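Numbering (the working numbering), first residue to last: 5 to 300.
Even glycine gets a Cβ: it sits at the ideal position worked out from N, Cα and C.
Remember, predicted model here, so these are calculated numbers, not experimental data.
The block underneath contains the structure these notes are about, expressed in structure tokens.
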């Protein structure tokens, strides 16, 4: 599907190098991946909280497993060649073998990058209270296990730390530095509250820093310009389209139930022709017609 022979991981690294900062947008499913590509994004994201809420209808509390995430990864990478960053929570298991299995599986299913975090197994959303984190040594071991398990050196391993909200800025900076030393390629400091903090991470680790600009969380909705000024390399919008899609669906359901017709909300819908265009329906149909014609 990709015109180049490069790996997904290399395409992700190239995207980070070519766009400052790189906008990475959450795509909850394969259809949204196509929409994101059409809108001009150069990298996409699959959120763990998104898989939990979107695919399973459960909270982001460590309920989902590796196979749940892999199903969505495969569906996205099957139709879209944009490099995909995947949230793998704490690695889907307590041992180095679990982390290794997660990394190998992500590469096999076409992901370009993962981020793995330092929360305990019974994790919470990064913007919720009462998070608990493992020791720095345990997090370093997770990173080492992930790096050792890579079957492709270009595959990106990003370390996420939730330490800021739990132990404070110094601890978070120390953990980030230890993760880079252990072989992580990039750093994701979660739930940052001040712009200048990103600069501190960037100067401390000398590696690309990701800013998670999720709505209704602990981090202000900084612009790409502001984040570029704070030495941020990647900007993540994990669930923006998902939130909008859910609100739109609720409005449509409410209107149909209330009014006995969808006429009052029809202007909020993607049309049939727009859908066919976005999924390249007519190309598929033409192939089918040609196949039947050749059989006659």
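In this structure, residue 238 keeps its C-beta atom at 8 Å or more from the C-beta atom of residue 205. Taking 8 Å as the upper bound for CB-CB distance, residue 88 and residue 48 are in contact here, some 5 Å apart. By the beta-carbon neighbour count (other beta carbons within 10 angstroms, threshold 16), residue 194 is buried. Setting aside the 5 residues that flank it on each side, residue 218 is surrounded in the same chain by 131, 242, 243, each with a C-beta closer than 7 Å to its C-beta; the list follows chain order.
Between residue 97 and residue 147, the gap from beta carbon to beta carbon reaches 8 Å or more. An exposed status is given to residue 268, since fewer than 16 other beta-carbon atoms sit within 10 Å of its beta-carbon. Annotation: residue 22 is outside any beta strand (DSSP E); the continuous alpha helix (DSSP H) that includes it extends over 12-22. Nearest Cα to residue 83 within the set 278, 56, 34: 34. Under the three-pair Cβ rule at 8 Å, the stretch 51-66 does not count as touching the stretch 138-153.
The beta-carbon distance between residue 111 and residue 68, rounded to whole angstroms, is 20 Å. This is too long to meet the 8 Å contact definition. Cα atoms of residue 208 and residue 181: separation of roughly 7 Å, rounded to the nearest angstrom. With contacts defined by Cβ atoms closer than 8 Å, residue 275 and residue 256 do not form a contacting pair. Within the stretch 18-60, complete beta strand (DSSP E) segments of at least 3 residues are found at 26-30, 47-50, given in chain order. For the set 56, 72, 15, the Cα lying nearest the Cα of residue 45 is the one of 15. Shortest Cα-Cα distance from residue 192 to any of 212, 86, 39 involves 212. The criterion of a C-beta distance shorter than 8 Å is satisfied by residue 32 and residue 245.
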